[in-house]
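Worksheet: the structure to be examined is printed underneath.
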């Protein structure tokens, strides 16, 4: 008996007997220019507006003030313990420790139960998407493995202004190489939400219920 | 002990999809439920308005639809090439690829993988493919509990119910019903709902969070589907809202993803088209709250054992019919359900499948064939108004396909002489000669004179009953135009 793989591929080939052009690209042209920016007057302003539209708390800060803002936002959220990825900015780490918040490292890896007992996580990001209010993590060392930004109930993420792009096409173009290198991605648009009961939106189901965003900008020269 | 008592998870309602009567019979039952119609009207109206608003924000929406259609056509017309490439990429990324010809084979593979891990429960991300193959029941028969973790799927599972919508499977339930279900069932399967819980959606979602958290924290194996599978890199994508997907895809040690073979996309770049089309078409959001993208095994992050089961289960049947092939472009957004005047009134249960609405009416007869009553009736579950094509993000010509499938069903039934064929044969005789026609007119006129005070004819006996069940006929005139003409002008022919 033929194995399932060969039989399915055989069925597919038989089903496609009408396709004569062997080159997919020549066979079906795709009229689309990939990676194009979407025109908008103020990309950073739109990013902030859209993140807020998704009920995220957004603060704009000059690069030099980010560490202080990290500590201030965590305090405001009533956080007493935090997990920090190994590659996080040393200045931010110091500011968190100085604020009297208990810092956990993920080395060795924390168990699920340990993560569940921690209030918050602070990370950097890979890309911000203005038009959709989305933050993309590629889980590099300054963002940590995926579970860190999932189990604690508060996620504070710092997005650099030069990471923010207009819309999804530009974002995908920036992320292609990370995916090709095998990095997982997490796209986050606001806190976890559901509309499953009567289409009524509820913020906060399984993922972090509080999303805090700092947009870090270089001060004008 | 009865089988009922030995179950690990709530039992679904009795009966099978394929054993269901015709759509039209099921629709009658559903239409008699005013609560259901009210729930559906509210939900589909809300989501339609949201979608329209979000689509209007994108000036190049029509070009995006064309691009989505073209990318999917390219993939489907060269599916063998892309499947082989996907398998290679996945294997290189540390995943194990399995192939399943049908539902039974897919279920056997998953059951075997779970048993090999020595566990008796799995957590599940909402997945149409696993519903299609009825994986949960296959796992249950093997003594493995499959816990649905999407809120709506949890409502359906705990409610001993079936999903009625692709995106919001519990759309037929209102908040009061959800509260009843949670209060009654949660305590039997884990963390109970608080006794004083109200019917506020926030409190109900909170109960689901607490109920499922213990399951997420202890689960060793997760089962998912995938919205997209990228051939070039072996990357899978799951689009979701609640974070239950992230929990399942990240925390367990083993991940099994069941993916229909039509889910392939050629490249990562293609995501820019679909990640704009899908959220706006499905939930009416600019972007869904969470999207997970992963490529096989990531060392030190997430499941370290990753399986992908590629499932045919009738897809190659659809592929083999060039007129049916476009149905495989479907990205399961459910915009066609929400816009459909038929779906809005009868809901999803009448369609006898996990794929209801217009897309279900074309997909099910192709995936399952047209030998069952339900699948023969589905191409007629439409008024052919065309709204489903207008909202489809990948431009599936559902109305054209419904007509095509009606033809297929008619051909299939040839040999059974029905009322319509009899009526057409009579009409053929009447219209073939003017003497026949005049004879028929005179007969109708005599009938009219026999009922002098009647203006409309209501239900008539067989063979006219199928036509007059839903229509009143005006009374034929006592005198035909031809008779009147002859009398007035005195011109005999």
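Chains as they are written, first to last, in this note's numbering: chain S, 1 to 221; chain Y, 222 to 714. No residue lacks a Cβ here, since even glycine has one placed at the ideal position from N, Cα and C. Note that the coordinates shown come from a computational prediction; the quantities given were computed from them, not determined experimentally.
When DSSP assignments are scanned along the segment 182-221 of chain S, no uninterrupted stretch of alpha helix (DSSP H) that is 4 or more residues long falls wholly within it.
For residue 75 of chain S, the secondary structure class from DSSP, reduced to helix, strand or coil, is helix. With at least 16 other beta carbons inside 10 angstroms of its own, residue 260 of chain Y counts as buried. Where residue 128 of chain S is concerned, there is no enclosing alpha helix (DSSP H), although the beta strand (DSSP E) around it starts and stops at 127-129. Across the segment 47-65 of chain S, CB contacts with chain Y closer than 9 Å involve 50, 53, 54, in sequence order along the chain. Under the three-state reduction of DSSP, residue 136 of chain S is assigned to strand.
Within 7 Å of the CB of residue 514 of chain Y, the CB atoms of chain S belong to 179, 184, 185, in sequence order along the chain. About 4 Å separates the beta carbon of residue 599 of chain Y from that of residue 582 of chain Y, a gap short enough to meet the 8 Å contact definition. Between residue 616 of chain Y and the set Y:580, Y:271, Y:671, the nearest pair of CA atoms involves Y:580.
One Cα belongs to residue 675 of chain Y, the other to residue 696 of chain Y, and the distance between them is close to 7 Å. Scanning the segment 36-98 of chain S for uninterrupted beta strand (DSSP E) segments of 3 residues or longer gives 57-62, 81-84, listed from N- to C-terminal end. Judged by their CB atoms, residue 530 of chain Y and residue 330 of chain Y are nearer to each other than the 8 Å cut-off. Residue 32 of chain S has a beta carbon lying within less than 8 Å of a beta carbon in chain Y. Contact note: residue 131 of chain S reaches chain Y through 507, using a C-beta cutoff of 8 Å and chain order.
Residue 607 of chain Y and residue 629 of chain Y have their C-alpha atoms spaced approximately 20 Å apart. The Cβ atoms of residue 295 of chain Y and residue 28 of chain S sit closer than 8 Å to each other. Under DSSP, residue 676 of chain Y shares a beta bridge with no residue.
Within the same chain, 74, 79, 80, 81, 82 come within 7 Å of residue 101 of chain S by CB-CB distance, once the 5 residues on both sides are set aside. The C-beta of residue 263 of chain Y comes closer than 8 Å to at least one C-beta of chain S. In the structure shown, residue 691 of chain Y falls within a coil segment according to DSSP collapsed to helix, strand and coil. Counting along the chain, the unbroken alpha helix (DSSP H) around residue 619 of chain Y starts and ends at 619-633.
If you check the CB distance, residue 468 of chain Y and residue 370 of chain Y come in under 8 Å.
Per DSSP, reduced to three states, the secondary structure at residue 483 of chain Y is helical.
Contact between the segment 127-140 of chain S and the segment 224-241 of chain Y is absent, with fewer than three C-beta pairs closer than 8 Å. Shown here, residue 323 of chain Y sits in coil according to DSSP, grouped into three states, outside any helix or strand. It is roughly 18 Å from the alpha-carbon of residue 611 of chain Y to the alpha-carbon of residue 602 of chain Y.
Looking at S:199, S:148, S:125, the one whose alpha-carbon comes closest to that of residue 187 of chain S is S:125. For residue 454 of chain Y, there is no enclosing alpha helix (DSSP H), as DSSP gives it neither H nor E.
Remark: fewer than three beta-carbon pairs, one from each stretch, lie closer than 8 Å, so the segment 338-348 of chain Y and the segment 184-200 of chain S are not flagged as touching. Taking the Cα of residue 520 of chain Y as reference, the smallest distance to any Cα among Y:268, Y:454, Y:408, Y:474 is reached at Y:474. Cβ atoms of residue 541 of chain Y and residue 14 of chain S come within 8 Å of each other, at about 7 Å. In this structure, the straight-line span from the alpha carbon of residue 66 of chain S to that of residue 120 of chain S is close to 17 Å. According to the DSSP assignment, residue 531 of chain Y belongs to no alpha helix (DSSP H) but to the beta strand (DSSP E) extending over 526-532. In terms of beta-carbon proximity, residue 114 of chain S stays away from the interface with chain Y, with every pair separated by 8 Å or more.
For the alpha helix (DSSP H) assignment, the uninterrupted runs of no fewer than 4 residues enclosed by the segment 331-378 of chain Y are, from N- to C-terminal side, 349-353, 356-362. With respect to the C-alpha of residue 284 of chain Y, the residue from Y:646, Y:497, Y:692 having the closest C-alpha is Y:497.
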